[in-house]
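What follows is a set of notes on a single structure, which appears directly below.
Protein chains in written order, with this note's numbering: chain Y, 1 to 380; chain X, 381 to 688.
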């Protein structure tokens, strides 16, 4: 039985089940397809958020470059879809048929070498995982082995996000430039633009999201997760105890990168394009905002944070475009100053105790209230 | 890419581009000086630094239009008034921000990054609401236009030399204040050990507030200089913030000399490369070089030897 195993304690199980009910039943049944597609778009950021919970909340490594990995995943998927969309039949008006339209506009006559692997879907799926993974590994190995951390790591990852954006915008012939890769149509001949396809993609995404949640929970509960917390609190003691701090950090950073890349790939499928505006510094910091609002220590918090902030963003920018940035900025300052552990902190501090009291008054001496196994709340 | 030029041409190109990079260098130095005080000395990551700079730029623009309308005889010297006003405006906003927000966060440096990012969003939208989304530019007085013919092939713009001289003056003043005045000693004492500094009678809260204000004020002056190289828009500050952080980190966070050296090398590399390739590739190569060097030497060029 799940309740007795240590994988989820009771409150986490309630969180898991209620999130599943919300995402699998309530939202698909109550929203029309346009809104559901918006929810799907918001949820792609939840993948990044879960990665950030592992790497920032638990590992203490604040990366301001998650947009890089989100973008790499998204671009890998977009390259595959673009190649499929630019078959010879679709592009016969171009001077060189059979290559993506923006390459034709930029006087390229053949598909460049690094685009070639993306003719094959299995290689694309592999690339979505491996390219960001290797990239994160290189960055992580170069930095953590030299004990670069904290603020410096944040600034350097931010610089990398800036570099990649400038590169993508500058190399228009190879990347589509500032417009990104647009006009994506089919996946193996299956039109991804129809309402039906969007409905199915939503469920694919939610299943993947739960896969990520379970993977993150697994990492959190193993010894590895506890070493991450120990490292965040007292890095030197962990090092003196004989653990290789750098390797654990690299692992957390790579895991976060891969989660972000999966989110990016799903983003391309849901929204139908990918552009540098999801790669740079601003989107990267916004992704950190979602996580901070949801609660940097809570996997479910990251999901709710992405949903709520993006929902608020859409609502506010639809009705009061002037106010949106004030709202976002104010929200951010408020979360940092008043609620460092975000929504999940408010829940755990104010709502959960009341529910517990309500339940325990009916059912005293409940056996299940033992505290969670690796509850990593930061020591005050 | 160098093949088409003779050695003499290359020398002239380097010198010309070098002087063209002077204003960029000055903006970098002034931005980075403020940031080196705030980040290097206080440990606060001020992501809104670019917005403080833009505030200075807007003040300069307002001064220039006001002077043009109401006191045209003052126009040749308006820049000095504008700079003073920019310093005061950004500095006081900085002190207000320190009081309202930053002082609660000294123990959590990474959180200052997030909170000041929120502040920068608010300021950007405030600029957009007040000044409009369109970029504004200032007119320079006549004596700043034109250039000085050094040799046949080398021309040096006068406003570049002016801003350069100004930067040197401000740098000297800041290093005097920080390293020789008694207030500067108090600042460094507070940074090194807040509790002990308080125990020996230093008003740490006041020192913090004025230090932050000084850093932001210098950013305001950077904004004044910035009006000479680009037009001012609500989001222009964001373009510079990452570069500036890299300048500070590359130079070694706590070292003013390192900050100046790194601002010089970065701005010169970029403006020299810009002559040979597109601006975006020049920027990519410059940034990549910095990141690569930082990976090999994380403490920056001029690191103070400290025991951790």
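No residue lacks a Cβ here, since even glycine has one placed at the ideal position from N, Cα and C.
Item to check | Within chain X, the residues that residue 62 of chain Y reaches when beta carbons sit closer than 7 Å | outcome: Residue numbering aside, residue 62 of chain Y sits at position 62 when the first chain is read from its first letter. Within 7 Å Cβ-Cβ: 490.
Checklist entry - By how many angstroms is the C-alpha of residue 394 of chain X removed from the C-alpha of residue 176 of chain Y? => result Residue mapping note: residue 176 of chain Y aligns to position 176 of the first chain, counting from 1. Residue mapping note: residue 394 of chain X aligns to position 14 of the second chain, counting from 1. Distance between the alpha carbons of residue 176 of chain Y and residue 394 of chain X: 33 Å.
Checklist entry - So which residues on chain Y does residue 484 of chain X lean against when the C-beta distance must stay under 7 Å? => result To locate residue 484 of chain X, count along the second chain from 1; it is residue 104. Near residue 484 of chain X (Cβ distances below 7 Å), the residues of chain Y are 337.
Checklist entry - Considering residue 111 of chain Y, what are the terminal residues of the alpha helix (DSSP H) in which it resides? => result Residue mapping note: residue 111 of chain Y aligns to position 111 of the first chain, counting from 1. Where residue 111 of chain Y is concerned, there is no enclosing alpha helix (DSSP H), given that its DSSP letter is neither H nor E.
Next on the checklist: Could you tell me the alpha carbon to alpha carbon distance between residue 486 of chain X and residue 584 of chain X, rounded to whole angstroms?
Outcome noted: Numbered from its first residue, the second chain carries residue 486 of chain X at position 106. Numbered from its first residue, the second chain carries residue 584 of chain X at position 204. Going from the Cα of residue 486 of chain X to the Cα of residue 584 of chain X covers about 12 Å.
Next on the checklist: By DSSP's criteria, residue 181 of chain Y is part of a beta bridge. Which residues make up the other side?
Outcome noted: Taking the first chain and counting its residues from 1, the one referred to as residue 181 of chain Y is at position 181. Residue 181 of chain Y pairs with Y:274.
Next on the checklist: Within 7 Å of any Cβ in chain X, is that where the Cβ of residue 333 of chain Y sits?
Outcome noted: For the purposes of this step, residue 333 of chain Y is taken as residue 333 along the first chain, with counting starting at 1. Closer than 7 Å to some Cβ of chain X, the Cβ of residue 333 of chain Y qualifies, so yes.
Checklist entry - When DSSP labels each residue in this structure, what does residue 187 of chain Y get in the three-state scheme? => result For this step, residue 187 of chain Y is matched to residue 187 along the first chain. If DSSP states are grouped into helix, strand and coil, residue 187 of chain Y belongs with the strands.
Item to check | Same chain, Cβ closer than 6 Å to residue 310 of chain Y, neighbours up to 5 away in sequence not counted | outcome: Counting from one through the first chain, the residue named residue 310 of chain Y turns up at place 310. 42, listed in sequence order.
Checklist entry - Closest by CA to residue 603 of chain X, which one among X:518, X:655, X:566 and X:555? => result By 1-based counting over the second chain, the position of residue 603 of chain X is 223. The candidate whose alpha carbon is nearest that of residue 603 of chain X is X:518.
Checklist entry - Taking all protein chains shown into account, do 16 or more other C-beta atoms lie within 10 angstroms of the C-beta of residue 188 of chain Y, making it buried, or fewer, making it exposed? => result Here residue 188 of chain Y corresponds to residue number 188 of the first chain, with the count starting at 1. Residue 188 of chain Y should be labelled exposed.
Item to check | Residue span of the alpha helix (DSSP H) that contains residue 449 of chain X, given as start and end | outcome: Position 69 of the second chain, counted from the first residue, corresponds to residue 449 of chain X. Note, residue 449 of chain X: alpha helix (DSSP H), 429 to 450.
Item to check | Which listed residue (X:417, X:406, X:402 and X:401) has its alpha carbon closest to that of residue 629 of chain X | outcome: Start at 1 with the first residue of the second chain, and residue 629 of chain X comes out as number 249. Minimum Cα distance to residue 629 of chain X is reached at X:417.
Next on the checklist: Taking a contact to mean a Cβ-Cβ separation below 7 Å, would you say residue 63 of chain Y touches residue 157 of chain Y in this structure?
Outcome noted: Sequence index remark: in the first chain, residue 63 of chain Y carries index 63 (1-based). Sequence index remark: in the first chain, residue 157 of chain Y carries index 157 (1-based). Contact: yes.
Checklist entry - Interface residues of chain Y around residue 497 of chain X at Cβ under 7 Å? => result The count along the second chain starts at 1 and reaches residue 497 of chain X at position 117. Under the 7 Å cutoff, chain Y gives 285 and 332.
Checklist entry - In terms of residues, what are the limits of the alpha helix (DSSP H) holding residue 304 of chain Y? => result Against the first chain, residue 304 of chain Y aligns to sequence position 304. Run containing residue 304 of chain Y: 299 to 319, per the alpha helix (DSSP H) assignment.
Item to check | Beta-carbon gap between residue 292 of chain Y and residue 342 of chain Y smaller than 7 Å | outcome: Along the first chain, one-based indexing puts residue 292 of chain Y at 292. Along the first chain, one-based indexing puts residue 342 of chain Y at 342. The answer is yes: Cβ separation under 7 Å.
Checklist entry - What residue range is occupied by the uninterrupted alpha helix (DSSP H) comprising residue 585 of chain X? => result Your numbering for residue 585 of chain X matches position 205 in the second chain. It spans 584 to 606 - the alpha helix (DSSP H) in which residue 585 of chain X sits, taken as one unbroken run.
Checklist entry - Per DSSP, what kind of secondary structure is residue 612 of chain X in: helix, strand or coil? => result Start at 1 with the first residue of the second chain, and residue 612 of chain X comes out as number 232. Looking at residue 612 of chain X - three-state DSSP - the assignment turns out to be strand.
Next on the checklist: Quick check on the DSSP output: what are the complete alpha helix (DSSP H) runs of length 4 or more inside the segment 229 to 286 of chain Y, in order along the chain?
Outcome noted: 235 to 240 and 245 to 271
Checklist entry - Going by other Cβ atoms of all chains shown within 10 Å of its Cβ, with 16 needed for buried, is residue 196 of chain Y buried or exposed? => result Counting from one through the first chain, the residue named residue 196 of chain Y turns up at place 196. So residue 196 of chain Y ends up on the exposed side.
Item to check | Burial state of residue 449 of chain X (16 or more Cβ within 10 Å) | outcome: Walking along the second chain from the start, residue 449 of chain X turns up at place 69. Label assigned to residue 449 of chain X: exposed.
Next on the checklist: Residues of chain X with CB closer than 8 Å to the CB of residue 142 of chain Y, please, in chain order.
Outcome noted: Counting from one through the first chain, the residue named residue 142 of chain Y turns up at place 142. Ordered by position in chain X, the residues that pass the 8 Å Cβ test against residue 142 of chain Y are 675.
Checklist entry - According to the Cβ coordinates, are residue 615 of chain X and residue 441 of chain X closer than 7 Å? => result Here residue 615 of chain X refers to the residue found at position 235 when the second chain is read from its first residue. Here residue 441 of chain X refers to the residue found at position 61 when the second chain is read from its first residue. No, the Cβ-Cβ distance between residue 615 of chain X and residue 441 of chain X is not below 7 Å.
Next on the checklist: Are the CB atoms of residue 641 of chain X and residue 543 of chain X within a distance shorter than 7 Å?
Outcome noted: The count along the second chain starts at 1 and reaches residue 543 of chain X at position 163. The count along the second chain starts at 1 and reaches residue 641 of chain X at position 261. No, they are not a contact pair.
Checklist entry - Which of the three DSSP states, helix, strand or coil, is assigned to residue 516 of chain X? => result For the purposes of this step, residue 516 of chain X is identified with residue 136 of the second chain, where counting begins at 1. The answer is strand: DSSP assigns residue 516 of chain X an E or B state.
Checklist entry - How about residue 643 of chain X and residue 405 of chain X: do their beta carbons lie closer than 7 Å? => result In the second chain, counting from the first residue as 1, residue 643 of chain X sits at position 263. In the second chain, counting from the first residue as 1, residue 405 of chain X sits at position 25. Yes.
Checklist entry - To which residues of the same chain is residue 267 of chain Y closer than 6 Å at the C-beta, ignoring the five residues directly before and after it? => result As a first step, residue 267 of chain Y is located in the first chain; it is residue number 267 there, counting from the start. Closer than 6 Å at Cβ, skipping near neighbours: 44 and 74.
Next on the checklist: Out of Y:222, Y:327 and Y:182, which one is the CA nearest neighbour of residue 316 of chain Y?
Outcome noted: Stepping through the first chain from its first residue, residue 316 of chain Y is reached at position 316. The option with the nearest alpha carbon to residue 316 of chain Y is Y:327.
Next on the checklist: Which same chain residues end up closer than 7 Å to residue 96 of chain Y when comparing Cβ atoms and leaving out the 5 residues on each side of it in sequence?
Outcome noted: Taking the first chain and counting its residues from 1, one reaches residue 96 of chain Y at position 96. The answer, listed in chain order, is 104 and 109.
Item to check | Simplified DSSP assignment, three categories, for residue 425 of chain X | outcome: Working through the second chain from its first residue, we reach residue 425 of chain X at position 45. Residue state, collapsed to three classes: coil.
Checklist entry - Is the CB-CB distance between residue 680 of chain X and residue 631 of chain X below 7 Å? => result As a first step, residue 680 of chain X is located in the second chain; it is residue number 300 there, counting from the start. As a first step, residue 631 of chain X is located in the second chain; it is residue number 251 there, counting from the start. Cβ atoms of residue 680 of chain X and residue 631 of chain X: closer than 7 Å.
Next on the checklist: Measuring only the C-alpha atoms, how far is residue 367 of chain Y from residue 15 of chain Y?
Outcome noted: Translated into the one-based positions of the first chain, residue 367 of chain Y becomes position 367. Translated into the one-based positions of the first chain, residue 15 of chain Y becomes position 15. Residue placement at residue 367 of chain Y is poorly supported in this model, since its pLDDT is 46, which falls under 50; the coordinates are not used for a value here.
Item to check | Nonlocal neighbours in the same chain, by C-beta distance under 7 Å from residue 536 of chain X, ignoring five residues either side | outcome: Position 156 of the second chain, counted from the first residue, corresponds to residue 536 of chain X. Excluding residues within five positions, the ones whose Cβ falls inside 7 Å are 399, 527, 528 and 530.
Item to check | Residue range of the alpha helix (DSSP H) that includes residue 89 of chain Y | outcome: On the first chain, residue 89 of chain Y is found 89 positions in, with the first residue counted as 1. First-last for residue 89 of chain Y: undefined, no H or E at that position.
Item to check | Partners in chain Y for residue 386 of chain X, counting only beta-carbon separations shorter than 9 Å | outcome: Within the second chain, numbered from 1, the residue matching residue 386 of chain X stands at position 6. Under the 9 Å cutoff, chain Y gives no residues; its nearest Cβ is about 29 Å from residue 386 of chain X.
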